[in-house]
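Visitor: The structure that follows is given in the form of structure tokens.
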Amino acid sequence: MIWKLALRNVMRNRRRSGITVLSIAVGLAALTFLWGFIDGQNRQMVNNTTRYFATDAQVHLKGYHDDPSLDRAIEAGDRLLAAVRADPAVAAATVRLETTVLASRADRSRGIIAFGVDPAGESAVSDLSKAIVDGRAFDGLGGGGILIGTDLAEALALRAGDDLVLVGQAYDGSVASARVPVRGVFRTKIDDLDGYVAVMPMAVMRDFLAAPSAVTAIAVRLRDRGALAAAIESLSNRVGSDHEVVGWPVLLPMVAVSTRFHEVMGFVVLTIFFVMVAAGVANPVLMAVLERTREFGIMLALGTSQSLLFRLVLAEAALLGAAGLLLGNAVGLGATAAFGRIGINLGTFAAGLRTMPGLEDVIYPAVRAERSLFISAMVFVIALLMALYPALRAATLEPVAAIRGIGERGKARVRGRGEPAPARRSRWPVFVLIAARNLLRNRKRSAITAFAAAFAIVAYVFLYGFFDGFAEQIVGNSTGYLTGHLQIERQGLRRDLAPELAFEDAGGVLKAAQTLPGVAAAAPRVQAQALASSATKSVGVMLYGVDPDLEPGITILHRTFVEGTPLARGAERDIVIGRRLAEKIGARLGEKIVVMAPGLAGELGTAAFRVRGIFATESSSFDGAMVFVTLPAAQRMLGLGDRVSSVNLRLVDRSQVDAVARQLAPVVASRGLVASTWPELLTRVADMVGLVRAIRTVIVAVFFLVVALAVMNTVFMAVAERTREFGVMMALGTPPDAIVRMVVYETVALMLLASVVGYTVGAAIVSVFGSVGLDLSRFYKDYSAIPGLTGIVYPRLEWASLIGPGIGLFVASVAVSLYPASRAARLDPTAAIRHT
């Protein structure tokens, strides 16, 4: 009987029930699609990065992953390969031999990682041969040559058939060098592969390194990547304790931390939506109870037990929740499945997508049953929990008071006989006062409505603050550690880093830049691709020659030293390196490092330096790839004389970078130079920030939709509850447009209250976390893989970015109240007065 009554009550007011169901369904559909999108992009990132080259897992000699050097090469590679291939979880496996080399052609060079592979075995574990866009892949018929990525080919001005010069460190510690033809050029749209990886046949690599039988890794393709943990355990037992089995999350920390970041953000948004759905369910159920106070009073007077009435209200909430689940899953799963087939083209953000390795222009959302079941269960449970208070309130009504339509145990104060009515006249329009009275008449309903809207405002203020803080930290750290805000250079320097692009009269350029308003500091630099070698290993690095006196005005690197001291004037034989690089090459404070780089005259410049200091910036991409020497030392090693590669500037206000660049343009153009802004210098950072902000905009847009439906639902409930009241007002001559104004006034008042509370609380939360920081290191084991990001994010408010969305939310919430307001204005007075 309860379910029949509940169904009848739900169907009795179909508009109210429909809007309630729609509120639940929109939230559920949005969550389903959002999670499907996150799962789809994560799956694409992992699939592409592992299938092109990294593979699902690799087997090394113990300690090789943390300390990759030829000293840790595997001598019995064939025997180990056979043991790996015998594991049931392994679909294919092959041997590899890798080393770091300096690749150069004419006056251009770049530090890269070169791999020796077995062409036949490699095709079974990776798809790199399928990505060839120029030339041809290895065919297994012998022959030499090398495969390089499109970005490396562009940087070194290479095509298939051209020769590439490689310089590295041989197996015995001597200098290894070779000239090899470019056999093919591949494009994977993964920057690290396309720009910094080269592949050659195993025989050629072994001859280059003078290592006739060595391998550094067994690359493994699994039958089921989802069973990675079990496969690692099984392989570890097979290969023994003197070897290590490393899965893709360790091999590809940037991919792992990116997928983890997406998942954590998904959980944050999920939590916010759950609270919004809770408010959206509680409000209409409470409104329904208030509207049916007389009905419940009659039922209690006729002997209906309180427990039965309690269960009836819960049953109605369960039906509404179930209907919302059906509709939400139908829309959410249907949309996810549809876009999972046709894809979502994000080509507009192609540059930003490339900052996340493995992502393509088209993302295919993924449907996962366990995700949908979890979301559906949570939404249904929330719907039932939010109905408990309205159900309890209905069950505890006093029958007589309820039949009279009071609904509370107390009674309103009645003015005594002969007591004069207040004569004070208000300055406010009468319908504004009536709207205020209506809001105060049912404080619980008004409070729940205002809370729902206020929470949405708090959520979007915090999200904006988090993303703005995230972006500011990445940009601030990247410019603070490396580039400054502006760089004066010759056109093409960042692409080629050729010594021929250095320019003279650095003093004149420096003086011209320092006199410009808005410039806080300026300093000259030399920049070059180089190879840094210790006694045992070599790594490709970026070499910077800096002025020790002027550089602290451009970067904050001098604050990050954990060992030793920064460079000083006259320290021509000293070098400072990052902690990650020191670990890679096994260099300690005071030890010698040899640096090689192409010089101005085409010869190879070489110099030995003593490690003076080691810095740590929490960015592994920076700490592992940058070395600094004094400006005279770099100029002497490269044969530049007094020439410099660039003059870098720090501004008083970074937001004025474009204006300062325009002022600089005519000054430097006469010298054949250009002024490049930080977004041009750090394109990956700028693109990533743009992509993150675009995603933020989409999430906030979904918030607005849910909030607008919740507000419309609330106003509609208020109108339905007061049908008789509106009928009496219209029968007494109140015009329809006055009814509309009164309802809109109520909505405006609620949204103003919600805005004050929401912006105040949101700003307070952002301010607190902006001071103490939001520690993400526990969620992101390898957060330092993201350039410029540290373990603690400091949210910050940029009010200019909040004004537009804030006004939009306010206007949308008021606009959606027009439908229930116009419906109230069209009521027939006679039918409305008879309404029960």
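Take our numbering: the final residue in the sequence shown is number 2226, and no numbers are missing along the way. The C-beta atom is built at its ideal place from N, Cα and C for all residues, glycine as well. These figures come from a predicted structure and were not determined experimentally.
In terms of DSSP beta bridges, what is A1566 paired with?
Guide: G1558, per the DSSP bridge assignment.
Visitor: So, are the CB atoms of G1874 and T1950 less than 8 Å apart?
Guide: Not a contact, by the Cβ cut-off of 8 Å.
Visitor: When DSSP labels each residue in this structure, what does V1528 get in the three-state scheme?
Guide: The residue you asked about is not Val; residue 1528 is Phe in the sequence shown. Note: F1528 maps to coil in three-state DSSP.
Visitor: Buried or exposed: where does E1750 fall if 16 or more other Cβ atoms within 10 Å of its Cβ makes it buried?
Guide: Per the 10 Å Cβ criterion, buried.
Visitor: Please give me, in chain order, every unbroken run of the beta strand (DSSP E) with length at least 3 that falls completely inside the region 2049-2102.
Guide: Within the region 2049-2102, the complete beta strand (DSSP E) runs of at least 3 residues are 2064-2067.
Visitor: Using DSSP bridges, identify the partner residues of L2164.
Guide: Partner(s): V2183.
Visitor: Alpha carbon to alpha carbon, how far is G1976 from S2060? Give it in angstroms, no decimals.
Guide: If I take the Cα positions, the gap works out to 46 Å.
Visitor: Do M1592 and G1539 have their CB atoms nearer than 8 Å?
Guide: Against a cut-off of 8 Å, the Cβ pair of G1539 and M1592 comes out as no contact.
Visitor: Return helix, strand or coil for D1597, following the three-state DSSP convention.
Guide: Reduced to three states, the DSSP call for D1597 is helix.
Visitor: Check whether the region 1961-1975 and the region 2037-2048 are in contact - that is, three or more C-beta pairs closer than 8 Å.
Guide: No, because fewer than three Cβ pairs between the region 1961-1975 and the region 2037-2048 fall closer than 8 Å, the two stretches do not touch.
Visitor: For E1879, count neighbouring C-beta atoms within 10 Å of its own C-beta (all shown protein chains included) and say buried if the count is 16 or more, exposed if not.
Guide: The residue is buried, with at least 16 neighbouring Cβ atoms inside 10 Å.
Visitor: So, does the region 1647-1654 touch the region 1495-1510, judging by three or more C-beta pairs under 8 Å?
Guide: No, because fewer than three Cβ pairs between the region 1647-1654 and the region 1495-1510 fall closer than 8 Å, the two stretches do not touch.
Visitor: Starting from N2038, trace the beta strand (DSSP E) in both directions and tell me its first and last residue.
Guide: Run containing N2038: 2036-2041, per the beta strand (DSSP E) assignment.
Visitor: Assign E1894 to buried or exposed, taking buried as 16 or more other Cβ atoms, counted over all protein chains shown, within 10 Å of its Cβ.
Guide: With fewer than 16 Cβ atoms within 10 Å of its Cβ, E1894 is classed as exposed.
Visitor: On the DSSP letters alone, give me the boundaries of the beta strand (DSSP E) that D1964 sits inside.
Guide: Here the beta strand (DSSP E) through D1964 covers 1964-1968.
Visitor: Since I believe L1470 is in contact with V1449 (beta carbons under 8 Å), could you give me their beta-carbon distance rounded to a whole number of angstroms?
Guide: Yes, they are in contact, since the Cβ atoms of V1449 and L1470 sit about 7 Å apart, within 8 Å.
Visitor: Would a C-beta distance cut-off of 8 Å place A1861 and V2156 closer than the cut-off?
Guide: Not in contact: A1861 and V2156 (Cβ atoms no closer than 8 Å).
Visitor: Give the range of the beta strand (DSSP E) segment to which F1951 is assigned.
Guide: From DSSP, the beta strand (DSSP E) with F1951 extends over 1951-1954.
Visitor: Is N1403 helix, strand or coil by DSSP?
Guide: Looking at N1403 - three-state DSSP - the assignment turns out to be coil, as it is neither helix nor strand.
Visitor: Taking the alpha carbon of A1912 as the point to measure from, which residue in L1921, S1923, A1922, V1899 has its own alpha carbon closest?
Guide: If we check each option's Cα against that of A1912, V1899 comes out closest.
Visitor: Give me the Cα-Cα distance between G1656 and I2085, rounded to the nearest whole angstrom.
Guide: Looking at the two C-alpha atoms, the distance is approximately 12 Å.
Visitor: Identify every residue that forms a DSSP beta bridge with G1637.
Guide: DSSP output for G1637 lists A1447 as bridge partner(s).
Visitor: V1474 and L1625 - do their beta-carbons sit closer together than 8 Å?
Guide: Cβ distance < 8 Å, so L1625 and V1474 count as in contact.
Visitor: What residue ranges within the region 1885-1961 form continuous alpha helix (DSSP H) runs of no fewer than 4 residues, ordered along the chain?
Guide: Fully enclosed alpha helix (DSSP H) runs of 4 or longer: 1896-1904.
Visitor: Would you list the residues sitting across from Q1877 in a DSSP beta bridge?
Guide: In the DSSP output, where bridge partners are listed per residue, Q1877 has N2038, S2066.
Visitor: Would a C-beta distance cut-off of 8 Å place G2229 and V1485 closer than the cut-off?
Guide: Since the first residue of the chain shown is 1391 and the last is 2226, residue 2229 is not available in this structure.
Visitor: Can you give me the start and stop residues for the alpha helix (DSSP H) that S2011 sits inside?
Guide: Start and end: 2010-2013.
Visitor: Can L2028 and P1889 be called in contact, C-beta distance under 8 Å?
Guide: Contact flag set, yes.
Visitor: According to DSSP, is L1994 helix, strand or coil?
Guide: If DSSP states are grouped into helix, strand and coil, L1994 belongs with the strands.
Visitor: Comparing alpha-carbon positions, which option in Y2184, A2139, P1780 lies nearest V2158?
Guide: Per the Cα distances, Y2184.
Visitor: Around the C-beta of V1804, are 16 or more other C-beta atoms found within 10 angstroms, so that it is buried, or is it exposed?
Guide: Residue confidence is low: V1804 scores 48 on pLDDT, short of 50, so the model does not pin down where it sits. No coordinate-derived value is stated.
Visitor: On the DSSP letters alone, give me the boundaries of the beta strand (DSSP E) that I1983 sits inside.
Guide: 1982-1988 is the extent of the beta strand (DSSP E) around I1983.
Visitor: Measuring only the C-alpha atoms, how far is V1703 from R1783?
Guide: Whole-angstrom Cα-Cα distance: 10 Å.
Visitor: If you draw a straight line from the alpha carbon of E1798 to that of G1687, how long is it in whole angstroms?
Guide: Because E1798 carries a pLDDT of 44, less than 50, the predicted location of this residue cannot be relied on, and the following value inherits that uncertainty. The alpha-carbon atoms of E1798 and G1687 are separated by roughly 11 Å.
Visitor: What separation, rounded to the nearest whole angstrom, lies between the Cα atoms of G1800 and R1827?
Guide: With a pLDDT of only 41 at G1800, under 50, the local geometry of the prediction cannot be trusted, and no value is derived from it.
Visitor: Looking at the unbroken beta strand (DSSP E) that takes in P1591, where does it start and where does it end?
Guide: Run containing P1591: 1587-1591, per the beta strand (DSSP E) assignment.
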